[in-house]
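Reviewing the structure listed below.
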Amino acid sequence: MDTVKNRKNGKIKPKTTKLESEEKYVEKLIENGKLERQEGDGESTSDTTENKQDCKEEKINNLRSFEYSTAGKICRISCEVDLISICLFVCALLTRMYKLQEPKNIVFDELHYGKYVSLYMRNTFFFDSHPPLGKQLIAAIAYYSGFDGKYKFDRIGSTYSDSVPLFALRFVPAFCGSLIIPVVYHLMLEIGLSQWTSLLASLLLLLDNAVLTQSRFILMESMLLLFALFGLLALLKFRKYYENPYGLFWWLWLTLASISFTCALCVKYTGFYSCCLGLAILARDYWIALSSPKLSDRTLFIRFLAQAFVGVVVPFLVYLGIFYVHLNLLYKAGPHDSIMTSAFQASLEGGLASITKGQPLVVAHGSQITLRHTHGRTCWLHSHAHVYPIRYADKRGSSHQQQVTCYSFKDVNNWWIVKRPNKNDLVVEQPVDAIKHGDVVQLVHGLTSRALNSHDVAAPMSPQCQEVSCYIDYNVSMPAQNLWKVEILNKEQNGDTWHTIQSLVRLIHVDSNQALKYSGRQLPDWGFHQHEVVADRIINQDDTVWNVEEHRYTKSEDQKDRERDMITAEMIPTAATTLSFWDKFFELQYKMLFSGTESVQNHMYSSEPLEWPLMSRGIAYWVASNSNAQIHLLGNLVIWYSATLSLLIYCSFLVFYLLRRHRLCFDLDEKNWEKFRFLGEVFLAGYLFHYLPYFFVERTLFLHHYLPAFCFKVLLMTGLIEHLYFVLRDILKLRFIAYMFIILLLLWVGLVFNVFRRFTVLSYGTTQLTTTDIVALRWKDTWDFIVHKN
Amino acid sequence: MAKSVPVKQNRNWLLAFGSICLLTIVTRFYKVTEPPHVCWDETHFGKMGSWYINRTFFFDVHPPLGKMLIGLSGYLTGYDGSFPFDKPGDKYENTSYIGMRVFCTALGASIVPMSFLTVDEMTQSMTASVLSSLFILFDVGLITLTQYILLDPLLLCFLMGSVLGAIKVSSKRNKEFSVKWWSWLAFTGLMLACCISVKFVGLFIVLLVGLITIGDLWSILGDLSRPVSVTMKHLIARTICLILWPIFLYVAFFYIHLTVLNRSGNGDGFYSSAFQSQLIGNSLHNASMPRLVAYGAVVTIKNHRTGGGYLHSHYHLYPEGIGARQQQITTYTHKDDNNKWIIKKYNTNKIKGVSILRSGDLIRLEHVPTKRNLHSHKEQAPIMKKHFQITGYGENGTGDANDVWRVSVVGVPDGTEVATVSSKLRLIHYLQSCALTSTGKQLPKWAYEQQEVSCNPNLRDANAVWNVEENFFEKLPNVSFKVYAPSFIERFFESHAVMFQGNAGLKPKEGEVTSRPWQWPINYRGQFFSGSAYRIYLLGNPVIWWGNLIFLALFVLVFSINAIKQQRGYIKSFSDSHKQELVACAWLFLAWMLHYIPFWAMGRVLYFHHYFPALLFNSMLSGILLDYLLEEVPKFFSPKLAATVYHTMLVLILSCIVYSFHLFSPLAYGMNGPSANEANSTMYGLKWLDSWEF
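Here the protein sequences come in this chain order: A and B.
Those letters in the first sequence? Residues 3 to 792, per the working numbering, in order.
Those letters in the second sequence? Residues 499 to 1192, per the working numbering, in order.
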């Protein structure tokens, strides 16, 4: 038995710590009677000071002594316990890793995540609205297995080439997905449920097809789940030491919990809900501790500080670290550069830098510039030799002057010349006549030599704003109003001189005090579908911010020479800009927060939160090109429905108990009531935390967003099952019915297993199915499987 | 102390209440008739009031009570419903609009005394009541909002009434099951029903009253000296008065609404053919059309789902990237010529004599103005990606085989003749076997936000049912026939389906700058009610609004500190009055959140005036908390100083409020002259935020 135990020591942490701490406890008991409180485990069996503790304390300790007494029993059969969790882990590994390399095609979102991993391999910058940890973990394994990142992820279903180490890529999610099972087992033990219940809970997650499918491909959810559940486990372990703070294990579990929750957050931002759950549990315990008269205000305050310290500093460091790695790995320019600001792009190797290198730094009278719309859509201020139509489709008139637009492509017509109103010679002389914050300038369009102008005429698509044009003098008593005041927004950082790339500027029209703005609307045919530019009263908004991207000084006074320069000249490169980590970090955060809302188009397999509990729709992940073998994300129907039902049952029990207790009828003793309530406080709250927010999200949602909530639901269900059994056996004393309950339960597990087996074909996708097979699996009208027509 | 002289206290109370009422009347009715032109949304609600007087049917996203009351008040004060209310700024001239204005203002004014009574009932403190009602009384924004022909004064009044009723019912002062108690309970129910029949945001107050009721029941249940049956009795009483009675009233309001509006108007197209047949003047009322549909007939085709529109097309193509670049087909709820289709045989353009369309026939549908055929093909529909796209295809009626549709009448064997209005049709695409469906999804701007039409492979979809509504065919005689008349309940539910759809459609247009919830509490930007020479600008009194925010934060602070102290056992029990005040604040805080937070999650267009219900709660909270602080803060000083501190604070705050009211009152009572940017303006220096536009 000893050898077995030793072998397990490394792998199964939670158990071994219990054993270790017990050993230490014995040692320390010998050394010093007082020190025992620091370790805490098992104290209540022998402690004499216990008797002095007051009522409330006793309640908590009663619960704990209960645990320890069972723990004592388990101790003797500890090998078996370890075996259970190891068996579970092995089973999980077998199911998750089975034929992991099949199908050898891109499955669903592997398209994105696979692509990001390959970009990591090539150190190429990419932009994703999710945080990077999950992709980093996969990339790390991929790196060690020699993935070169050259494979092109083009569309779902295309075949992986042999150079892609597919097993390595899919290994991390599958491994994490397998770890979930033993973690759940220990989580349930930790919350005070019996071994059998814990076994049932992990078995149910093992036998759920959705969790299985989601763990087998390059997807993020299994990592998210693992970090969230392990965080919860660590937090519950931490609660054990709540009465005896500042010991090694107190710090250890608290730190582990906050690291783990932060990792969940760094895999997907939805991990934030798990963090909230963790905080809520901490707050609940602290609130209870507040009522204890034994603790002084000072002790409590220090405890608050200590917990807050760990709960703030650790996540902060982890989060920063992950982004530090992210930004340092990705130093080359890539496909998504244009989302970022010019300054950011210029800091990437071979990105904008190659064009903008060697540009003069200071914008001066005579500068030739392109003006980029800084935030949101990438486009440059543009004009061309076409005029606004005299009348628009809605019968409004226009000024009929030259169009000014925002154009999303680089073009010679994006060049503008900065000019002081009173100077005519455009050649830049040394020392340069730098433009400063507050200066009034004219902007002359390079190729047409007309000045940027605005006047009290309604803009073509946004009639509430002023039209912006390049001024043509028609002699119709419409004078030129072509003076613009330069406002530099970030003059605190970069000084009040107008700098290339770094300075964010607003151009304020002097006559009307309105700002040059990209309106976001597209012009119709006559404007070549380019974007509208207007002058807007509301100055303080993102769309009025511009920056100079390309820049050089005018060298020749001759108009023809200038034009030739503009059309032909390449830039003269010297050095790239450097941005500090913090600048990059904050910009990336900003862009991540405010992007991703653009795609409103609904996906064929998207679903609504209300459809999730009853699993109305799955997601077709992949279908073979030559057969009906397919992968479809669907849960185990029996588990999903029972879990949904158990939610209702738990809630009605809770309401019933609450009402009865309010009338001072105590159906459960304090210990069991406490246990029942805590189940809800962790799992029901967890479910709601991970489910309700989706009702307020406007993004396209999928069934897999429900998985974290689903896990909590299953855990609640198993907790409820144990409670029902307890009520039948111990409260109602219906032994026979309790046995019947167990038998029914076993039958139900059999059914679960059966359903799991039937639907595995859709999780593995290795079986070629006939049309009748698929129709036979279509248990609900709303499920849309794919059938090839012959 | 006060109890020993109840008479004096009573007199004081009356004095305070009386002066609040008097001040209310003065502030609200001052210049109520000005400006004598249409202000802001009066153009909508005045118009709708006129429609009630003219009994013309219309469609609006709000329930009917508010507009009905406006119409009624106009009718009673001699307005004949002839003023067009075309656009803001139109002069009223000789129209008697004053009755409606005064009616709205009177209801709006009742908010102040009701808030006094509410706070009085909650805290039994006269100072708190006076302060609370003064916060509400001197808010310029509320005055502006309640002085015009709008729904908001009515909504706010009913909302305040509901709260007052709920508080009176749960108060210990009223003996339960007494006549007074029952009448307050019934009053609460009435107010709730009114509230939700004015605007659907009334739902939040229903929620609040529900929570208050649950709280009541919970504490009654917790009283162990009384049997559970008492709780049951309470439960039943409240179910009757707060659930059944309001539902009855709500339905009754709709009954009146549907009975009064019996003439055809501009809202007809939103409703089903059967619904329209009940409206005098509608082409379906005692319809005179060919009874049967024949080949060659020009028809309009209406979708059968509630709120479904007419099959529609126009000279615009689907944009690039969205299926094939062919002509758009949509459903459209307004009646126009682009809804007309001609029925042709699938294989020939010639029609000999009269041949009646039968179920099971193959046909083509040609759009009359553009001469293109209804067509479908294997491209994704714009929004429902699983459906196929529907387009208009062909030149002058010549298309291809994908233009062929099979007509199938629901519930009858093939070969049955198709009748106008009463036959329910499915149009099945012959080659692809999919059904013409209105998905109910709104298309983007390129289709003018009309609704999507697609071809659905699921032939049993309930939204794939259509009927022929208008039928023009010269060769068949027009006969009169009565369309099956829907019952009131059916019409009731249909109106709701249409309203909800309308509400969901109120999405902000692309690029439109709309008011955001974070701007409201800080009074970021107002709303012009009347421009030009006589300017009215809806903007809260900044002193009160910002003060409100401070008190909100203070409340959270005070409440948490007290909660922690109590949890630590430092406070064994609160003194009664203080506990009552904090509990009242907590309820008001909850009410504030209920009326504010949900707007963050709303996707529809939001306006500044949506914040005013929340503001009422916030103002009451400020009043109570101020009273609490006025009692607490002087305790830190010596007893001699305490009285001085108390009075100084009180006078300081009151004078601040009154002075700020004096400064900002021109916003409500009208400004003229130059805007506040210029030095010679009367409002010069008051433009504290750049975003204010006066």
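All residues carry an ideal CB built from backbone N, CA and C; glycine is no exception.
query: So, using beta-carbon positions, are S936 (chain B) and N801 (chain B) closer together than 7 Å?
result: Against a cut-off of 7 Å, the Cβ pair of N801 (chain B) and S936 (chain B) comes out as a contact.
message: Taking 8 Å as the cut-off, does the stretch 729-740 of chain A touch the stretch 691-705 of chain A (at least 3 CB pairs, one atom from each stretch)?
response: no
- prompt: Around the Cβ of T51 (chain A), are there at least 16 other Cβ atoms within 10 angstroms (buried) or fewer (exposed)?
  reply: Caution is warranted here: a pLDDT of 38 is assigned to T51 (chain A), below 50, making its placement in the model unreliable, and the coordinate value is therefore given only provisionally. T51 (chain A) comes out exposed.
- prompt: Where does N415 (chain A) land, buried or exposed, given buried means 16+ other C-beta within 10 angstroms?
  reply: buried
message: Between R1066 (chain B) and chain A, is any beta-carbon pair separated by less than 7 Å?
response: yes
message: I'd like the span of the alpha helix (DSSP H) that includes T798 (chain B), first residue to last.
response: Run containing T798 (chain B): none in the alpha helix (DSSP H); it sits in the beta strand (DSSP E), 796-801.
- prompt: Looking at D650 (chain B) and H994 (chain B), is the spacing between their C-beta atoms short of 7 Å?
  reply: no
query: What first and last residue would you give for the alpha helix (DSSP H) that runs through S906 (chain B)?
result: Unbroken run through S906 (chain B) is the beta strand (DSSP E), 903-907; no alpha helix (DSSP H).
- prompt: Are the C-beta of P295 (chain A) and some C-beta of chain B separated by less than 7 Å?
  reply: yes
message: Please confirm whether G895 (chain B) has its beta-carbon closer than 7 Å to some beta-carbon of chain A.
response: no
CA-to-CA distance, I634 (chain B) to S1117 (chain B), given in whole angstroms: 6 Å
message: At the level of alpha carbons, what is the spacing between P586 (chain B) and H531 (chain A)?
response: Each residue's alpha carbon lies about 35 Å from the other.
- prompt: What's the C-alpha gap between L513 (chain B) and T625 (chain B)?
  reply: 13 Å
- prompt: Cα-Cα, which of A:L726, A:A740, A:I651, A:V729 is closest to K715 (chain A)?
  reply: A:I651
task: Take every Cβ of the stretch 136-150 of chain A, pair it with every Cβ of the stretch 90-106 of chain A, and state whether three or more of those distances are shorter than 8 Å.
output: Because the criterion of three Cβ pairs below 8 Å is not met, the stretch 136-150 of chain A and the stretch 90-106 of chain A do not touch.
message: So, under 8 Å CB-CB, R523 (chain A) and V547 (chain A) are touching, yes? Tell me the CB distance rounded to an integer number of Å.
response: Rounded, the Cβ-Cβ distance is 18 Å, inconsistent with contact.
query: What's the C-alpha gap between R823 (chain B) and G399 (chain A)?
result: 30 Å
- prompt: Closest Cβ-Cβ distance between H664 (chain A) and chain B: below 7 Å?
  reply: yes
task: Starting from W289 (chain A), find everything on chain B with Cβ-Cβ shorter than 7 Å and list it in chain order.
output: Q1065
- request: Decide if S441 (chain A) is buried, meaning its Cβ has at least 16 other Cβ atoms within 10 Å, or exposed.
  value: Checking the displayed sequence, the identity of residue 441 (chain A) turns out to be Asp instead of Ser. Its Cβ being crowded by 16 or more others within 10 Å, D441 (chain A) is buried.
Near-chain A residues of the stretch 1097-1116 of chain B - C-beta to any C-beta below 7 Å: Against chain A - using a Cβ distance shorter than 7 Å - the residues of the stretch 1097-1116 of chain B are A1099, G1101.
query: How would you label M606 (chain A), buried or exposed, when you count the other beta carbons within 10 angstroms and need 16 or more for buried?
result: exposed
- request: Would you mind giving the Cβ-Cβ distance between L670 (chain A) and F678 (chain A), rounded to the nearest angstrom? I have them listed as a contact below 8 Å.
  value: Between F678 (chain A) and L670 (chain A) the Cβ distance is about 6 Å, and since that is below 8 Å, they are a contact.
task: Name the one or two DSSP bridge partners that G779 (chain B) has.
output: G779 (chain B) is not bridged to any residue.
- prompt: Nearest to V109 (chain A) by CA position, among A:S349, A:M719, A:A626, is which residue?
  reply: A:A626
task: Assign I503 (chain A) to one of three DSSP states: helix, strand, or coil.
output: coil
- prompt: At a Cβ cut of 9 Å, what residues of the stretch 656-690 of chain A count as close to chain B, listed as they run along the chain?
  reply: Answer in chain order: L661, H664, R665, L666.
task: Name, going along the chain, the residues of the stretch 695-721 of chain B whose beta-carbon falls closer than 8 Å to a beta-carbon of chain A.
output: W716, L719, G720
message: Could you check whether L747 (chain B) and S762 (chain B) sit closer than 7 Å to each other, using their CB atoms as the reference points?
response: In this structure, L747 (chain B) does not lie closer than 7 Å to S762 (chain B) by Cβ.
task: Identify each residue in the stretch 689-715 of chain A for which the Cβ-Cβ distance to at least one residue of chain B is less than 9 Å, and report them in chain order.
output: Result list: F697, F698, E700.
- prompt: Is the stretch 511-523 of chain A touching the stretch 448-459 of chain A in the sense that three or more CB pairs, one from each, lie closer than 8 Å?
  reply: yes
query: According to the neighbour-count rule (16 or more other Cβ atoms, all chains shown, within 10 Å of its Cβ), is V916 (chain B) buried or exposed?
result: buried
query: F1141 (chain B): buried (16+ other C-beta within 10 angstroms of its C-beta) or exposed?
result: Before going on, a small fix: residue 1141 (chain B) reads as Ala here, not Phe. Per the 10 Å Cβ criterion, exposed.
- request: Pick out whichever of B:F601, B:S623, B:I641 has its Cα sitting closest to the Cα of V610 (chain B).
  value: B:I641
- request: Please name the residue or residues paired with T896 (chain B) in a DSSP beta bridge.
  value: Bridge partners of T896 (chain B): B:E893.
- prompt: Exposed or buried, what is Q543 (chain A) when buried is set at 16 or more other beta-carbons lying within 10 Å of its beta-carbon?
  reply: If you draw a 10 Å sphere on the C-beta of Q543 (chain A), you find fewer than 16 other C-beta atoms in it, and that means exposed.
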